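Asker: Provided herewith is a single structure, encoded as structure tokens, for subsequent inquiry.
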Amino acid sequence: MADVEEKVITALHDHDTFLDSSELIINMGPQHPATHGVYRVRLHLDGEKVLGAESYIGYLHRGVEKLGEHGDYRHYGPILDRMDYVASVSNNLGYCEAVEKLLGVQIPPRAQYLRVILTELQRIASHLVWLGTHAMDIGAMTIFLYCFREREKILNIFEKYFGARLTTNSFRIGGLQFDTYDGFEAECLDFCNDFPRRIAEYEQILSDNRIWIGRTRGIGILKAEDAIALGVTGPVLRGSGVKFDIRKAFPYECYADLDFDIPIGEMGDTYDRYLVRNEEMRQSRRIVMQAIEKLPDGPIMGKVTKVIRPPAGEVYHAIEAPKGELGFFVVSDGTTTPYRTRIRPPSFVNLQALPPMVRGQLVADVVAIIGTIDIVLGEIDR
Amino acid sequence: MVEYFLIPAVQILIIFLVLLLFVAYATYLERKVVAFMQVRLGPMRVGPYGLLQPIADAVKLMFKEDIVPAGADKWIFMFAPVITMIPAFTVFSVIPFSDSHTTVFGYPVHLYITDVNVGILFVLALSSIGVFGIILGGWSSNSKYPLLGSLRSAAQMVSYEVAMGFAIVSVLIYSRSLSMIDIVNAQKDMGWWFAVIQPIGFFIYLICGVAETNRAPFDLPEAESELVAGFHTEYSGFRFAIYFMAEYANMILISSIAATLFWGGWLSPFPNVKALSFLQVVPGVVWFFLKVFFFMYLYIWLRATLPRFRYDQLMRVGWKYLIPISIGNVILTAVLRLYFRT
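Residue numbers (this note's numbering), protein chains in the order written: chain E, 9 to 390; chain V, 13 to 354.
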């Protein structure tokens with residue numbers, strides 16, 4: 009770590025052409041309104057211009073990966089909820105599927121469709137949080153509350169179904185614990201029918217706003233090859249124009265039966281990523297509507313033993329979480345406790361793109377770029 | 013003795029107290045209006061509809077600890093908020109709320125404190141002093157975010173004052189006087205508000221007014237998401253409240269000047285049209301405050317709607333657009349005035 013830091017600093021000094029002005033080092037975070045949690049970025053400034061940035065993480069480290077090695081396979085779900093806490097349903101989906109792959113269990117179609125409906129609703133909720141906070145970082149504060157108004161409806165559905173709003177402990181290994189409540193489909197459809205009007209409202213406030221365009225167009229450009237080299241995934245990668253979505257590339261659950269598009273950007277700037285996420289919300293709505301239409305009857309739990317004891321072996325399974333590729337690497341030694349659980353969180357990898365993106369931009373852009381990556385610190389620090 | 017000392021002293025006291033009340037309730041207005049635009053209720057707990065909230069806030073801030081950060085320049089740090097507040101309140105001495113006057117104990121009493129023949133210059137001079145309090149406050153805090161905030165605000169206020177000055181000059185060409193009373197009376201004589209005659213000047217003044225008061229979308233000096241709270245990051249308790257009061261007093265001030273210069277001050281709409289003379293039943297001071305209220309609402313509306321400019325974009329708007337346009341407007345006005353004498 010220390011020599012990496014040294015390298016970064018010497019690299020910064022190499023292109024220091026400002027001989028007469030000393031650079032100002034400023035700590036943004038860990039307690040700063042725009043770092044979305046306890047993230048700290050150390051900025052080297054020349055006036056308002058950013059010469060370089062270094063990330064410091066770990067303020068929210070809770071040992072999530074290590075905790076996985078201590079309990080039963082089933083006990084891990086509630087802990088994972090605390091990872092990406094604005095998209096806890098996706099966290100659970102990734103883990104449950106990884107263990108199901110290890111067990112070789114096929115889950116019934118009804119459970120698959122319900123899982124898809126719930127994770128896509130969660131994707132919309134997560135993107136709404138992103139849009140609200142991102143817009144608020146750039147100064148448009150009204151849209152934050154508009155987004156939370158819509159998110160509230162999704163959380164109400166979650167509350168009725170899971171019994172919790174944020175940390176839902178959504179799925180069980182092998183399927184679902186509960187079948188839907190009466191009126192679940194109607195409530196989801198109700199939300200879906202209302203939602204396009206709402207997105208149009210957000211876009212009316214932002215998309216053609218000259219200040220918004222000025223603040224996001226050409227800011228934090230990430231070229232496609234750089235994005236791939238950095239291992240960036242999710243909307244950030246698609247904003248750079250790479251058409252990669254795990255839902256299409258390696259379909260899981262019932263995504264292969266559903267019809268949806270993958271929006272991509274052109275320039276890879278902040279505005280493109282904004283458009284991509286907005287379009288993703290529309291596509292998620294499409295997926296939810298289709299899945300509700302096709303929702304089959306039947307059992308919701310696959311054939312899973314009471315005690316989960318996967319055969320010795322290892323598996324890597326990745327899903328498309330709202331923020332990108334969320335991967336779980338689970339190693340079993342044939343006992344009831346995982347030998348190792350390794351998580352590949354999308355925010356952690358995407359955050360790598362921050363220093364190259366902010367270099368040469370202004371202080372105000374750093375805030376916009378942190379927002380556009382859409383990080384959640386619970387997931388980065390684990 | 014009574015005429016020159018006692019009556020002005022009482023007048024000043026009354027206007028100051030009323031102004032303080034207005035400042036306090038400007039925060040309430042802002043919170044309520046923004047809340048309704050954002051589908052929520054705003055303050056509702058203290059008093060009916062939260063009407064006592066500003067008072068509760070003031071009391072709370074007064075009892076808070078007055079923290080001076082280690083390494084701060086103590087005296088400047090403590091004095092800086094006062095430097096910002098005093099000019100903000102002093103300027104109201106030349107704002108004419110109405111031209112009506114009564115007699116108290118045989119002495120005429122006006123609804124303004126004084127009428128200076130260089131009124132608008134006085135306003136500009138004093139409002140430029142306010143920026144010193146912001147620079148000194150940020151600089152003396154011995155902290156990086158306030159320093160950045162005060163640097164920004166200094167640059168912003170200086171550059172927008174230029175365009176604002178030119179916008180005012182374009183009005184002065186028509187009014188032929190710097191006295192605030194005469195400026196309103198000139199609008200009465202012409203029969204039009206200067207906003208109609210000087211739309212460009214009015215528009216530039218409005219934009220610069222927002223920038224001068226550091227309000228959204230030009231609220232860079234205190235951009236919460238970038239600089240935490242800008243120049244007053246290190247302030248707490250009542251010193252923070254003083255900065256806040258100064259900001260809202262400045263908002264009211266900018267609105268008052270906009271109403272006086274461009275919307276005919278205390279005049280009713282179209283003061284010379286006979287058919288609308290019934291509007292003059294409403295006292296002038298009510299018209300004045302309605303206009304001020306409208307501008308205040310406009311500021312709040314802007315804040316709820318627009319994202320924030322970036323520093324360089326703000327400078328570009330100021331120097332590349334507003335200043336050239338305002339200079340061109342002055343020249344155009346002067347030429348028109350010369351050839352079409354009224």
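Here a beta-carbon is modelled for each residue, glycine too, at the ideal position from N, C-alpha and C. None of these values were measured; they are calculated from a predicted model.
Ignoring anything shorter than 4 residues, give me the alpha helix (DSSP H) runs that lie fully in the stretch 63 to 132 of chain E, in order along the chain.
Answerer: Counting only runs of 4 or more residues that sit fully inside the stretch 63 to 132 of chain E, the alpha helix (DSSP H) segments are 72 to 75, 84 to 89 and 96 to 111, in chain order.
Asker: For V285 (chain V) and D85 (chain V), what's the separation of their Cα atoms in angstroms?
Answerer: 59 Å
Asker: In angstroms, rounded to a whole number, what distance separates the CA positions of P319 (chain E) and L110 (chain E)?
Answerer: Computed Cα separation, rounded: 7 Å.
Asker: Output, in sequence order along the chain, the residues in the stretch 311 to 333 of chain V whose CB is closer than 9 Å to any CB in chain E.
Answerer: Per Cβ criterion, the list reads R315, A316, T317, L318, P319, R320, F321, R322, Y323, D324 and Q325.
Asker: For E15 (chain V) and L32 (chain V), I'd like the C-alpha separation in whole angstroms.
Answerer: 25 Å
Asker: Given that P229 (chain V) touches chain E, what residues does it touch there, using C-beta distances under 7 Å?
Answerer: G147 and I219
Asker: Using a Cβ-Cβ cut-off of less than 8 Å, give me the residues of the stretch 145 to 163 of chain V that come near chain E, in sequence order.
Answerer: K156, Y157 and L160
Asker: Return the Cβ separation of I27 (chain V) and D111 (chain V) in integer angstroms, given the expectation that the two are a contact with Cβ distance under 8 Å.
Answerer: That pair is no contact at about 16 Å.
Asker: Using a Cβ-Cβ cut-off of 8 Å, state whether Q168 (chain V) counts as contacting chain E.
Answerer: Residue-level contact by beta carbon fails for Q168 (chain V) and chain E, as no gap is shorter than 8 Å.
Asker: Is DSSP giving D253 (chain E) helix, strand or coil here?
Answerer: coil
Asker: For F170 (chain E) and V250 (chain E), I'd like the C-alpha separation in whole angstroms.
Answerer: 35 Å
Asker: Please list the segments of the alpha helix (DSSP H) lying wholly inside the stretch 199 to 241 of chain E, counting only runs of 4 or more residues, in order along the chain.
Answerer: 218 to 224 and 232 to 237
Asker: In chain order, what residues of the same chain have a beta carbon less than 7 Å from the beta carbon of S364 (chain V), not counting five sequence neighbours either side?
Answerer: Examination of residue 364 (chain V) is not possible in this model, given that chain V is present from 13 through 354 alone.
Asker: Below 8 Å, how does it come out for the stretch 322 to 342 of chain E and the stretch 208 to 220 of chain E: are there three or more Cβ pairs, yes or no?
Answerer: no
Asker: Using CA atoms only, rank isn't needed, just tell me which of V:R320, V:M90, V:L344 and V:V329 is closest to R227 (chain V).
Answerer: From the listed residues V:R320, V:M90, V:L344 and V:V329, the smallest Cα separation to R227 (chain V) is found for V:R320.
Asker: Where E261 (chain E) and Q114 (chain E) are concerned, what is the direct C-alpha to C-alpha distance, given to the nearest angstrom?
Answerer: 10 Å
Asker: Could you name the residues of the stretch 28 to 55 of chain V whose beta carbon sits closer than 7 Å to any beta carbon of chain E, in the order they occur along the chain?
Answerer: Taking 7 Å as the cut-off between beta carbons, the residues of the stretch 28 to 55 of chain V near chain E are M49, Q50, V51 and R52, in sequence order.
Asker: Taking only beta-carbon positions, decide if I383 (chain E) is within less than 8 Å of chain V.
Answerer: no
Asker: Can you tell me whether R350 (chain E) is helix, strand or coil according to DSSP?
Answerer: strand
Asker: Let me make sure I understand the geometry here. Which of E:Y121, E:G310 and E:Y67 has the alpha-carbon closest to that of G182 (chain E)?
Answerer: When E:Y121, E:G310 and E:Y67 are compared, the shortest CA-CA separation from G182 (chain E) is found for E:G310.
Asker: So, are the CB atoms of E105 (chain E) and I316 (chain E) less than 8 Å apart?
Answerer: no
Asker: Is the stretch 269 to 280 of chain V in contact with the stretch 298 to 309 of chain V, if contact means three or more CB pairs nearer than 8 Å?
Answerer: Short answer: they touch.
Asker: Helix, strand or coil: how does DSSP classify S340 (chain E) here?
Answerer: DSSP places S340 (chain E) in strand when its eight states are reduced to three.
Asker: What is the rounded straight-line gap between the Cα of R205 (chain E) and the Cα of P99 (chain V)?
Answerer: 48 Å
Asker: Distance, Cα to Cα, G276 (chain E) vs L230 (chain E)?
Answerer: 5 Å
Asker: May I ask you to report which of helix, strand or coil DSSP gives P363 (chain E)?
Answerer: helix
Asker: Going by DSSP, what residue range makes up the alpha helix (DSSP H) through G249 (chain V)?
Answerer: G249 to F274
Asker: Could you give the distance in angstroms between the alpha-carbon of M289 (chain E) and the alpha-carbon of I65 (chain E)?
Answerer: 29 Å
Asker: Any Cβ of chain V within less than 8 Å of the Cβ of I34 (chain E)?
Answerer: yes
Asker: Please classify A228 (chain V): does DSSP put it in a helix, a strand, or coil?
Answerer: A228 (chain V) falls in the coil class under three-state DSSP.
Asker: Is the shortest distance between the beta-carbon of E56 (chain E) and the beta-carbons of chain V less than 8 Å?
Answerer: Yes, E56 (chain E) counts as interfacial toward chain V.
Asker: Measure the C-alpha to C-alpha separation of Y247 (chain V) and N154 (chain V) and round it to an integer number of angstroms.
Answerer: 12 Å
Asker: Thinking C-alpha only, which one of V:V58, V:G177 and V:Y119 is nearest C220 (chain V)?
Answerer: V:G177
Asker: Relative to the alpha-carbon of A179 (chain V), which residue among V:Y119, V:I209 and V:R52 has its alpha-carbon at the smallest distance?
Answerer: V:I209
Asker: Measure the CB-CB distance between V58 (chain E) and G368 (chain E) and report whether it falls below 8 Å.
Answerer: Yes, the pair counts as a contact, with Cβ atoms nearer than the cut-off.
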